[in-house]
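Enquirer: Protein chains in written order, with this note's numbering: chain A, 1 to 418; chain B, 419 to 836.
One structure, pasted below without further comment.
Protein chains: 2
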Amino acid sequence: MTAIRRAAIVAVGSELLTASRLDTNSLFITEQLNLLGIDVVFKGVIGDEPSELAVAVSAALARVDLLVCCGGLGPTDDDVTRDVVAQVLNRPLAEDEAITARISERFRSRGMQMPAINRRQAMVPAGACVLENPYGTAPGLWLEDAGRVVLLLPGPPRELKPMLVGFVETALKARAAGVPRVRRIVRITGRSESHTEEAVRPLYAEWARAAVPISATILASLGQIELHLSARAGSREAAEAAIDAAAGQVAALMGPDVYSRDGRPLEQVLGEMLAERGLHIAVAESCTGGLLTSRLTDVAGSSRYVEQAVVAYANAAKVALVGVPERLIDEHGAVSEPVAIAMAEGIRTRAEVDVGVGVTGIAGPGGGSADKPVGTVAIAAALGDITRSRVFRFLGEREQIKFQASQAALDMVRRMLM
Amino acid sequence: MTAIRRAAIVAVGSELLTASRLDTNSLFITEQLNLLGIDVVFKGVIGDEPSELAVAVSAALARVDLLVCCGGLGPTDDDVTRDVVAQVLNRPLAEDEAITARISERFRSRGMQMPAINRRQAMVPAGACVLENPYGTAPGLWLEDAGRVVLLLPGPPRELKPMLVGFVETALKARAAGVPRVRRIVRITGRSESHTEEAVRPLYAEWARAAVPISATILASLGQIELHLSARAGSREAAEAAIDAAAGQVAALMGPDVYSRDGRPLEQVLGEMLAERGLHIAVAESCTGGLLTSRLTDVAGSSRYVEQAVVAYANAAKVALVGVPERLIDEHGAVSEPVAIAMAEGIRTRAEVDVGVGVTGIAGPGGGSADKPVGTVAIAAALGDITRSRVFRFLGEREQIKFQASQAALDMVRRMLM
């Protein structure tokens with residue numbers, strides 16, 4: 001048996017060749033393969049064209065030890081991956097009754113009858129192993145051919161991810177040959193990309209000389225900077241330890257601007273701080289329109305610290321829902337620090353919680369003025385007898401402004417709790 | 419000269435084979451090529467490995483009329499695209515003094531001397547045309563070989579985009595087969611992928627035979643099904659007209675399950691319905707945690723119909739914020755149709771609006787029971803003297819359940835307004 005070192009990933013689907021869709025599954029697949037020390041040497045995207053796919057599959061198999069195909073396992077005529085791979089490898093397809101039964105049961109449990117075309121998803125190439133799909137009808141398949149492994153995964157990420165992880169941890173682990181690579185993302189707020197680079201640069205030389213060398217890339221992302229660290233070592237544990245130490249160095253150097261050493265999103269970091277201290281939070285949001293609360297409640301277990309929130313979009317709602325004095329709006333305008341403060345303190349009092357947050361701004365595209373252009377957002381947070389507030393000026397489209405405002409609000413509370 | 423109809427895009431760079439970077443240039447390139455009626459039939463990503471790149475370039479040239487390579491035109495040893503393409507096409511490289519002079523001047527204008535290695539960027543394969551780069555040192559190159567066109571572009575988007583547009587509008591326009599392709603997405607709720615396929619299939623044969631043939635792909639996406647239609651015709655207008663007609667046929671066949679014939683998201687479709695009728699909406703959401711309101715307010719101009727919303731996460735908040743009778747919660751549980759109805763009617767009354775929506779459910783991962791497993795969501799909508807409600811059972815992770823619940827709530831209101 002050949003040890004697996006080199007992989008190719010082929011995403012199948014004509015929609016991935018349009019100007020509106022990207023293959024994103026390959027990022028997760030790459031991460032998982034790297035953990036076993038398998039390098040991805042090629043990625044391809046092919047439409048639902050059997051002849052094109054056949055060429056790509058043959059070409060990839062000539063150059064790698066592992067070929068991962070994702071997508072094209074659905075029940076329709078467009079779903080050609082199963083048939084093409086069976087044909088290229090010269091394996092006849094036969095229906096696996098156990099799969100048909102599972103798919104049929106899946107429809108029955110939702111009160112529906114299995115359409116006849118779903119039978120195609122039960123066709124299995126001779127010699128292939130079936131990977132069950134608890135989240136959809138398309139099972140995964142893997143097979144060996146002349147020492148190479150071919151893995152077929154369904155396209156939807158929620159179906160693909162657990163199936164791949166299961167495969168990586170069992171069959172693939174036994175076959176992989178390489179030196180594990182571990183990557184980690186350190187997340188930073190309050191600094192630009194170049195200021196992050198300047199701060200971190202002194203570490204680069206040290207990392208390059210280390211017993212387990214660390215490589216680093218800085219990426220600017222909406223409302224934050226990401227520092228991507230990568231290490232390769234004889235064992236996954238050694239690589240993890242080296243990268244832990246490197247992330248710790250960055251945190252020591254940059255202080256509270258580093259909000260996450262391990263890729264956790266800001267809402268989760270803040271959620272854990274609130275839960276640990278037994279604090280409750282309530283939000284009164286205007287221009288973020290529910291996004292801030294939605295991000296807070298994206299975290300599993302957030303009902304421990306979120307009880308309620310209000311979206312006070314109209315001025316009347318700001319008055320009615322959180323008791324913002326009308327005169328404040330008249331004097332300062334709805335988008336102003338005094339109104340944000342009144343929203344934060346008002347919701348804290350009304351919801352009887354520890355932390356109140358107020359966000360009011362102009363998400364655009366309309367509503368801006370010379371004085372308060374689109375992207376102007378006032379944010380306040382009230383905790384104990386301290387209330388902090390600030391006016392921000394964000395750039396971008398409506399959804400980007402909403403996101404950056406929610407990010408700044410979460411970050412303001414995080415810094416108050418530090 | 420062969421007319422150009424089929425293209426491949428190859429992105430070059432080892433960083434594009436890591437778990438944190440995607441090739442996004444290909445979306446822009448695809449859009450530009452489609453406008454000239456050129457289809458992208460294959461996309462690939464290759465690292466800085468000359469042998470791998472040579473294989474990919476040769477394979478692509480065997481199957482397409484146009485090969486676009488992006489990246490790998492820099493001055494360092496990692497930048498291999500120029501050399502590999504010259505070698506595959508058997509064209510000797512020679513230094514173009516005019517390019518050297520421009521690069522040198524570019525450095526001089528910034529007070530620097532050109533490093534010797536930048537001379538590599540002035541090497542041009544015999545017979546190639548040079549595309550000037552006003553935004554960087556790497557010029558683009560294009561050449562013809564056996565009737566095929568090979569285009570080499572620099573990787574940074576701000577260098578690539580203007581260079582590509584210039585090429586598309588001049589040399590490429592003259593060579594393209596010139597049958598523009600237009601794409602459109604029809605969006606559907608309330609049917610599975612297979613049921614959509616069964617409903618639409620009778621149209622396929624008709625579309626294939628039509629004067630302007632329509633091709634179609636069905637994609638399951640979270641909380642909806644997408645039907646991607648594509649048409650090519652002698653003119654862009656003819657293609658648009660054919661695709662309008664096809665989308666109309668689908669809408670006629672599937673009725674209200676089609677919510678968008680032109681790719682508009684559900685929140686926008688509903689928003690336009692509300693705005694047209696001058697109706698206002700208010701939301702009381704629990705398990706969706708603000709997401710439903712955030713989606714409503716993602717639409718520009720949504721302040722015309724959204725005034726306020728409440729996130730009533732805790733039971734006490736459901737009582738306090740929208741007046742759900744405690745006895746209803748005691749009798750039926752917080753996740754129940756009666757509570758969803760009380761939330762919808764309660765928020766409608768309190769906010770004094772036309773449409774009230776209530777959403778209460780279990781987003782998980784905790785909180786489920788045998789009776790009401792994770793994913794159980796009760797949704798109600800109140801409009802005039804009609805209140806509709808339904809209990810859904812969604813599958814997936816927490817964020818997916820949130821999204822599907824918000825989708826079902828938007829859809830329930832949309833159907834009531836039809």
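For every residue, glycine included, the Cβ atom is placed at its ideal position computed from N, Cα and C.
(1) Is it true that the CB of V353(A) sits closer than 9 Å to the CB of E307(A)?
(2) Can you list, in chain order, the residues of its chain whose CB lies under 8 Å from that of A334(A), leaving out five sequence neighbours each side?
(3) Using DSSP with H/G/I as helix, E/B as strand and the rest coil, what is G462(B)?
(4) Report the residue from P134(A), D77(A), E198(A), L203(A) whose alpha carbon sits nearest the alpha carbon of L637(B).
(5) At a cut of 8 Å, does the region 14-28 of chain A reach the region 139-150 of chain A through at least three beta carbon pairs?
(6) Under 7 Å Cβ-Cβ, which residues of chain B neighbour K372(A)?
(7) Taking the beta carbon of N90(A) as the centre, do at least 16 other beta carbons fall within 10 Å, making it buried, or is it exposed?
(8) With a 10 Å radius around its C-beta and 16 neighbouring C-beta atoms as the bar for buried, classify M163(A) as buried or exposed.
(9) With a Cβ-Cβ cutoff of 9 Å, do E685(B) and R722(B) count as a contact?
(10) Check whether the Cβ of A827(B) lies closer than 8 Å to any heavy atom of the ligand SAH, and answer yes or no.
(11) Give, in chain order, every unbroken run of the alpha helix (DSSP H) that is at least 4 residues long and sits entirely within the region 231-317 of chain A.
(12) If you draw a straight line from the alpha carbon of E615(B) to that of G74(A), how long is it in whole angstroms?
(13) Leaving out five residues on either side along the sequence, give the residues of the same chain with a beta carbon under 7 Å from the beta carbon of D298(A).
(14) Output needed in chain order: residues of the region 460-490 of chain B with a Cβ under 8 Å from some Cβ in chain A.
(15) Identify whether V498(B) lies in helix, strand or coil by the three-state DSSP scheme.
(16) Spatial neighbours of G782(B) within its chain, please: C-beta separation below 8 Å, excluding the five flanking residues on both sides.
(17) Can the beta-carbon of V10(A) be found less than 9 Å from the beta-carbon of I46(A)?
(18) Rounded to a whole number of angstroms, what is the C-alpha to C-alpha distance between I632(B) and R537(B)?
(19) How about E815(B): is its C-beta nearer than 9 Å to some C-beta of chain A?
(20) Could you have a look at G346(A) and say whether DSSP puts it in helix, strand or coil?
(21) So what does DSSP say about M530(B), is it helix, strand or coil?
(22) Is the region 275-294 of chain A in contact with the region 199-216 of chain A, if contact means three or more CB pairs nearer than 8 Å?
(23) Can you give me the start and stop residues for the alpha helix (DSSP H) that G584(B) sits inside?
(24) Mind listing which residues of the region 25-39 of chain A have their C-beta closer than 7 Å to chain B's C-betas, in chain order?
(25) Taking Cβ to Cβ, would you say G774(B) is nearer than 9 Å to G785(B)?
(26) Quick check: what's the CA-CA separation for L131(A) versus E105(A)?
(27) Tell whether a beta-carbon distance below 9 Å holds between G72(A) and V64(A).
(28) Measure the Cβ-Cβ separation of V84(A) and A54(A) and say whether it is below 9 Å.
(29) Who are T778(B)'s beta bridge partners in DSSP?
(30) Using alpha carbons as the reference points, say which of D466(B), V676(B), A425(B), P572(B) lies closest to L590(B).
(31) Whose C-beta lies closer than 8 Å to the C-beta of P743(B) among residues of the same chain, with five residues either side of it excluded?
(32) Label Q441(A) either buried or exposed according to how many other C-beta atoms from any shown protein chain fall within 10 Å of its C-beta, with 16 as the threshold for buried.
(33) Go ahead and pull the three-state DSSP assignment for D563(B).
(34) Please check if any C-beta of chain B sits within less than 9 Å of the C-beta of I218(A).
(35) Just list the beta strand (DSSP E) runs in the region 799-832 of chain B, keeping only unbroken ones of 3 residues or longer that don't cross its boundaries, in chain order.
(36) Just confirm the distance between the C-beta atoms of L66(A) and I38(A), as a whole number of angstroms; I'd bet it's less than 8 Å.
Expert: So, from the listed chains and residues:
(1) Less than 9 Å divides the Cβ of E307(A) from the Cβ of V353(A).
(2) Closer than 8 Å at Cβ, skipping near neighbours: S286, N315, K318, T360.
(3) Strand, per DSSP.
(4) Looking at the Cα atoms, D77(A) is the closest of the given residues.
(5) The region 14-28 of chain A makes no contact with the region 139-150 of chain A, as fewer than three CB pairs between them are under 8 Å.
(6) Result: empty, since nearest Cβ-Cβ is about 15 Å, beyond 7 Å.
(7) It is exposed - the Cβ of N90(A) has fewer than 16 other Cβ atoms within 10 Å.
(8) The residue is buried, with at least 16 neighbouring Cβ atoms inside 10 Å.
(9) No; because the gap between Cβ atoms is not below 9 Å, this pair is not in contact.
(10) The ligand SAH is absent from the structure shown, which contains no ligand whatsoever.
(11) Taking 4 residues as the shortest admissible run, the region 231-317 of chain A contains the following complete alpha helix (DSSP H) segments, listed from N- to C-terminal end: 236-254, 266-277, 291-297.
(12) Between the C-alpha atoms of E615(B) and G74(A) there is a straight-line separation of about 11 Å.
(13) The beta carbon of D298(A) sits closer than 7 Å to the beta carbons of E267 from its chain, once the five residues preceding and following it are set aside; these are given in chain order.
(14) Shown in chain order are the members of the region 460-490 of chain B whose Cβ falls below 8 Å from a Cβ of chain A: F460, K461, G462, V463, I464, G465, E467, E470, V473, A474, A477, R481.
(15) Correct three-state label for V498(B): coil.
(16) Within the same chain, G782(B) has close Cβ partners V792, G793, E815, R816, I819.
(17) Cβ atoms of V10(A) and I46(A): closer than 9 Å.
(18) Going by the C-alpha atoms only, they are around 50 Å apart.
(19) Chain A, which has a Cβ nearer than 9 Å to the Cβ of E815(B), makes this yes.
(20) DSSP, read as helix, strand or coil, puts G346(A) in helix.
(21) Coil, per DSSP.
(22) Output reads no: the region 199-216 of chain A does not touch the region 275-294 of chain A.
(23) In this chain, the alpha helix (DSSP H) harbouring G584(B) covers 575-585.
(24) Identification of residues in the region 25-39 of chain A having a C-beta nearer than 7 Å to some C-beta of chain B yields L27, T30, E31, N34, given in sequence order.
(25) Not in contact: G774(B) and G785(B) (Cβ atoms no closer than 9 Å).
(26) Distance between the alpha carbons of L131(A) and E105(A): 17 Å.
(27) No; because the gap between Cβ atoms is not below 9 Å, this pair is not in contact.
(28) For V84(A) and A54(A), yes; Cβs fall inside 9 Å.
(29) Paired residues: A796(B).
(30) A425(B) is the residue among D466(B), V676(B), A425(B), P572(B) whose C-alpha sits nearest the C-alpha of L590(B).
(31) The residues are V737, A760.
(32) Here chain A comprises residues numbered 1 to 418, so residue 441(A) is not present and cannot be evaluated.
(33) The three-state reading of DSSP puts D563(B) in strand, counting E and B together.
(34) For I218(A), the nearest beta carbon of chain B is not closer than 9 Å to its own beta carbon.
(35) Every unbroken stretch of the beta strand (DSSP E) spanning 3 or more residues and falling wholly within the region 799-832 of chain B is given here in chain order: 804-811.
(36) Sure, about 6 Å apart at Cβ, within 8 Å.
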